[in-house]
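A.B. asks: Protein chains in written order, with my numbering: chain A, 11 to 187; chain B, 42 to 213; chain C, 1307 to 1549; chain D, 7 to 559. Attaching a single structure in structure tokens format; questions to follow.
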Amino acid sequence: MSKPRLATAWLDGCSGCHMSLLDMDERLIEIAQQVEVVCGPYVDIKEFPENVDIALVEGAVSSEEDLHRIKKIRERSKLLICMGDCALTANVPSMRNAWEPDEVLARAYIENATMQQQIPRTSVPRLLNRARPVHEIVRVDIFIPGCPPSADVLYFALTELLAGRVPDLSSRTRFGA
Amino acid sequence: MSTVINRPTPPSQDKRWKIVEATVRRHGYRSHSLIEGLHTVQEAFGYLDDDAMKYMAAALRLPLSKVYGVATFYHFFTLKPKGQHTCVVCMGTACYIKGAPQLLAAVEQVHGIKPGETTPDRKLSLLTARCVGSCGLAPAVVMDGEVAGKVERSEFLSRIGKWMSHDTGRTE
Amino acid sequence: MSPQPVPQVRVVTLKIDGRDVGATEDETILEVARQNGIFIPTLCYLDGLPSIGACRICLCEIKGANKLLPACVTRVQEGMEVTTDSERLTRYRKTIVEMLFAERNHVCAVCVSNGHCELQSMAQKLGITHVHMPYRYPKLTVDATHARFVQDDNRCVLCTRCVRVCDEVEGAHTWDIMGRGIDARVITDLNQAWGDSSSCTGCGKCVHVCPTGALTEKGRSTAEMVKKQQFLQYLMQMREAKQ
Amino acid sequence: MTPEELSKIATIEQEEQQQHKHVIQVCVAAGCLSSHSDQVKDALDKEVSKRGLENTCHVKGVGCLGLCAAGPLVRVQPTAKPDAAVMYQAVTANDAADIVSSLEGPPVKRLVCPTNVPFFTRQKKIVLENSGIIDPDRIEEYIAVNGYAGLLQVVSTMRPSEVIDEVMRSGLRGRGGAGFSTGLKWSTVAKGRGSTKYVICNADEGDPGAFMDRSVLESDPHRVLEGMAIAAYAVGASQGYIYVRAEYPLAVKRLKAAIRQAERAGLLGNNIFGITFNFSIDIRLGAGAFVCGEETALIASIEGKRGTPRPRPPYPAESGLWGCPTLINNVETFANVPPIIRNGSAWFAGIGTEKSKGTKVFALAGRVTNTGLIEVPMGIPLREIVYDIGGGIPDGKKLKAVQTGGPSGGCIPEQHLDMPVDYESLAKVGSIMGSGGMIIMDDTSCMVDVAKFFMEFCRSESCGKCVPCRVGTAQMHDLLCRITDGSGTADDLTLLIELCDVLRATSLCGLGQTAPNPVLTTLQFFKHEYDAHIQKKTCPAGSCTIHAPAEVI
């Protein structure tokens, strides 16, 4: 039997969840032996492939590109896991949600800019009206709260999954942990 | 232990405060007459301002935040002065299904104000009511205190139009 | 005040989660459950403040009653059979807590109360991993005008503990609720800046009874605000002793 | 006031009325008043005096004549032959001369409003028996039609417990909505601890689309005062409050006048009818909060506070206003009491159905020909109300639903039209009797939009104290907005249904607990309309503006 195909994806987040994955240290080797890492910031392949078994998603859905990617990720993955608060609550990216995107952009790129005051319109994806948690866009199978979830929590979740069990995380992590 | 109670003096010399004072006196300055008192203030002045609420708080020996909490809980009370003319569109069920929303839309289209707002020249305030109880005559509108039934768009707008063109103070 | 004659209270027996327990009839289900080591989740309730039964998280099933009843205000009765935990109750409790997360802008990760927040720990206890209803993202303000404290409406759950402690314990009644429904807000005096309040004594009781990061001490950074609520019990005991 | 004085007032008044050959009754209740019936009355007065007929023809303002749609209504009644009365509709001041000229001849044909039609003949008037007959501003007229005779009978011949038994036997149930046994409520308050008790009349008629109570207060205010006084005697209260909407200025004015007159006549105050029974009534104005229809919120409001409800028990009957046992009944309930006392409980129990006794007043409104106020015996089929009394649906449209019970009620579809109107039958189809608003809807009304309308109402009327109602009504309203504008999904519908269950089970008071009802009944009977909005992005009734499906966010 071939090893499960694992992909990670980074939407609107600070990459802290991916850092936390790296913090598994030597346990990374143990995990790497059990899975084939097929896509993500850590590997060369950036185009999300077909037939992924486990997709770990960090970040909120904030731009048109995020929206496009999360739909593709869902289509191509058996198990979609939200890794961290941004993916499951929209967290810090959602703090702009009480305002319209144009107001937010104007604040960042005009009011608070000292030079080159202009709102980037080209070669960056358009912001959605709201930054949204992943489950509001596509079906999500497992949620791992935390900001970021600790390396221990991620290790526990992955080993449980690889052992064929649904991880019970309630006593191990929470929003903001 | 008891403290000497000094009845507060009204915020101004305005004679309307006499009516307010009389109401709270009639209720023995008891705290439970707050709503009655606020009704009197609003009837006399058209709205409740900070001075009025401070006065009521002092007269009835109530905390300021409690007075403000009560004044903003009940939708009948308003903290902003109304325009010269008021138009209350009934949004009861019968009026709703017989076209009240369209009347509101008409005012917004022509005079640019939404419910709860007043035109910049302070001539017209548009309000909504939960139900004025004239369901048999839906849609009903209360125009300057007078109930009008089976209101039609064009007649409605022309009545408001008359208000808007009158009392301009301009001679043409 | 002169001492009140102590009225006769009857002893009753009842069942909580199948266990036979004894109590006096002036006690609430919550009090009796806690005495017997049975946990019922609560949010607006705080020992030492008058109970209001508003958050609906402590709702319990009572055999024979057609409605769920809040444990914090429902008095025990002879022969009562109470269920404090069931699949149905957990489902309701989860939804209610999720409602609170969806109502305002609770971003735990950057909150001064992170790790010390009753809403956050309630979500964990109930196993909430995400909020299954749309977030509302209201535009709310932060009032930092007070010399020592900060009020952040984004994190308020309208439990009114601050209103009650200020009114009942401190006696200032600086806080109250303005408006109603989804637009209700906690205010000081005539909805003015806290720093300008003429009634606030600056005692800080409200800050420490607040279950979330809505009322905090100034100068705290993320996860640094630890609330100390023991004072309330202490004050109540001292006052009782004086009477 | 002594019993002899009461009957003397009645006799004098009746004799005076007999002196006039004709009486012209002009409806001056709010409905007709809004089409200027006051001007009609002035014109008639002038016309009568111009012709020097003051001694033979009496023009008077009366309460609601019922058929508001045809107002202003005027009724001309020959004193000798009351049955020969003629009703005129859509009368203007210009018609006054013709009406006065016709007194001795044939009626003014162009104005005649036929009264031999089901709208008038199928009604059964108990609560409204004086409405449109007597001048609400004159206590003498009320006394002349047996007014305050019930109170006299009670205080002079019955013990309080006998009064309660009589009300209990009549089977009267609360007319405010839930239909709790009135007798049972009275007996609980009577048993309540302490010597101070209160009687409150809930006249905060808050349902949008209901104006029964307003009409009773405007047309026959003394009836309500008498009902309250009888209740006060029965439960042992000496102070009463009428909590009335500030939006009803005319009702407030008439109530104030009525209370003053009753006090002056010794029918309110101390030592009523010479016995040691004291009862005073004060008015408290509501200020626009639907939730104050809930008993504990109403009490908070009378105490001058924010009108937020508190958990029950304890019920107000045990611990209500200022912690004292308090009886709260609504206007129509109190108005039923004097006739029950005068005519006996057996008479009342003989009207209606097994579990729902007496009559019910409905405010008939919406897409129906005869909008107005009606009173019908309990158990009458809904179809009869809509098609016979109501005259059917105008403009050749088709009936879609009948909405009863306001924001706590539901939409009853055509297929249930033959059900009897009583508490149990209405509950069976997911609605409630409510206070009596009855809105007829035709196929131009979108049922999802109606559900949205009521949810907007609940969201804005929620007091905000408990979480499920405060947040839940806002969430549900948002979901319904999405569905009606075409951006709703199947998941939204699932969540909507789930929230219905949560609000129902967990909200603190009736407002939140019943807020889901309009959604649930429209889902039960008109699910296809929800599906059309969600799946096909169309509104079958054509009333919702569906936006083109834009981006998901």
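Note that CB positions come from ideal geometry on N, CA and C, so glycine has one too. Only a predicted model underlies this, so the values are computations on that prediction, with no experimental measurement involved.
(1) With C-beta atoms as the reference, is P317 of chain D less than 7 Å away from P1347 of chain C?
(2) Rank C:M1386, C:A1415, C:C1414, C:G1477 by C-alpha distance to the C-alpha of E1331 of chain C and give the top, closest one.
(3) Quick one: what's got a C-beta closer than 7 Å to V558 of chain D's C-beta in the same chain, skipping five residues either side?
(4) With 16 other CB atoms within 10 Å as the buried threshold, where does R79 of chain A fall?
(5) With a threshold of 8 Å, are at least 3 pairs of Cβ atoms found where one atom belongs to the region 298 to 318 of chain D and the other to the region 510 to 527 of chain D?
(6) Can you say whether G210 of chain B is buried or exposed, counting buried as having 16 or more other CB atoms within 10 angstroms of its CB?
(7) List, in chain order, every chain B residue whose beta-carbon is nearer than 8 Å to that of L1496 of chain C.
(8) Where in the region 150 to 181 of chain D do unbroken runs of the alpha helix (DSSP H), each at least 4 residues long, occur, reported from the N-terminal end onward?
(9) Could you tell me whether any Cβ in chain C is nearer than 7 Å to the Cβ of T113 of chain B?
(10) Run down chain C in chain order and give the residues with a C-beta less than 9 Å from the C-beta of V67 of chain A.
(11) Given a cut-off of 7 Å, decide if A371 of chain D and T5 of chain D are closer than it, judged by their beta-carbon atoms.
(12) Leaving out the 5 sequence neighbours to the left and right, which residues in its chain are closer than 8 Å to E213 of chain B when beta-carbon positions are compared?
(13) Quick one: give me the first and last residue of the beta strand (DSSP E) that C1366 of chain C is part of.
(14) Is H64 of chain D helix, strand or coil when you go by DSSP?
(15) Can you check whether the C-beta of V188 of chain B is within less than 7 Å of a C-beta belonging to chain D?
(16) Can you check which of these residues, D:S441, D:R290, D:K406, D:I30, is closest to E560 of chain D by C-alpha distance?
(17) Taking Cβ positions only, does S73 of chain A come closer than 7 Å to chain C?
(18) Jot down the residue ranges of each uninterrupted beta strand (DSSP E) in the region 258 to 324 of chain D, minimum 3 residues, whole runs only, in chain order.
(19) Tell me which residue opens and which closes the beta strand (DSSP E) that N336 of chain D is part of.
(20) Give me the subset of the region 72 to 94 of chain D whose CB atoms are less than 7 Å from a CB atom of chain B, sorted by chain position.
(21) Could you give the first and the last residue of the continuous beta strand (DSSP E) run that contains T1481 of chain C?
(22) M132 of chain B versus chain D: which residues are under 8 Å apart at the beta carbon?
(23) From the DSSP output, read off the bridge partner residues of G372 of chain D.
(24) Kindly indicate which three-state DSSP category N208 of chain D falls into: helix, strand or coil?
(25) At the 7 Å Cβ level, is T512 of chain D part of the contact set with chain C, yes or no?
(26) Buried or exposed for P255 of chain D, please, with buried defined as at least 16 other CB atoms from any protein chain shown within 10 angstroms of its CB.
(27) Listing by chain order, which chain D residues have their CB less than 7 Å from the CB of T1401 of chain C?
(28) Taking all protein chains shown into account, do 16 or more other C-beta atoms lie within 10 angstroms of the C-beta of S362 of chain D, making it buried, or fewer, making it exposed?
(29) What number of angstroms, rounded off, separates the C-alpha of E390 of chain D from the C-alpha of D401 of chain D?
(30) Considering only residues of the region 65 to 132 of chain A, which uninterrupted alpha helix (DSSP H) runs meet the minimum length of 4 residues and lie entirely inside it, listed in chain order?
(31) Just mark H553 of chain D as buried or exposed, buried being the case when its beta carbon has 16 or more other beta carbons within 10 Å.
(32) Can you tell me whether M1544 of chain C is buried or exposed? The criterion is at least 16 other CB atoms within 10 Å of its CB, across all chains shown.
(33) Quick check: is any heavy atom of the ligand NAP less than 6 Å from the C-beta of V161 of chain D?
(34) Beta strand (DSSP E) containing E381 of chain D: first to last residue?
(35) For S466 of chain D, return the contacting residues in chain C, with the cut-off set at a CB-CB distance below 9 Å.
(36) Is the Cβ-Cβ distance between C27 of chain A and G94 of chain A less than 7 Å?
C.D. replies: Let's see:
(1) no
(2) C:M1386
(3) Any reading at V558 of chain D is ruled out, since the residue's pLDDT is 47, under 50, leaving its predicted position unreliable.
(4) buried
(5) yes
(6) For G210 of chain B, the predicted model reports a pLDDT of 43, less than 50, meaning its position is unreliable; a value from the coordinates is still stated below. Exposed, since its Cβ has fewer than 16 Cβ neighbours within 10 Å.
(7) D91, M94, K95, L105, S106, V108, Y109
(8) 155 to 163, 166 to 176
(9) yes
(10) Simply none; closest approach about 13 Å.
(11) This structure cannot speak to residue 5 of chain D, because chain D is shown only from 7 to 559.
(12) Reliability of the predicted coordinates at E213 of chain B is poor, the pLDDT of 35 falling under 50, and no value is obtained from them.
(13) 1365 to 1368
(14) strand
(15) yes
(16) No information on residue 560 of chain D is available, as it lies outside the stretch 7 to 559 that chain D covers here.
(17) no
(18) 286 to 291
(19) 332 to 336
(20) C74, A75
(21) As written in the sequence, residue 1481 of chain C is Trp, which differs from the Thr given in the question. Start and end: 1481 to 1484.
(22) P214
(23) D:I446
(24) strand
(25) yes
(26) exposed
(27) V508
(28) buried
(29) 19 Å
(30) 74 to 86, 95 to 99, 111 to 116
(31) exposed
(32) exposed
(33) Among the ligands in the structure shown, none appear at all, so the ligand NAP cannot be discussed.
(34) 378 to 383
(35) R1486, G1487, I1488, D1489
(36) yes
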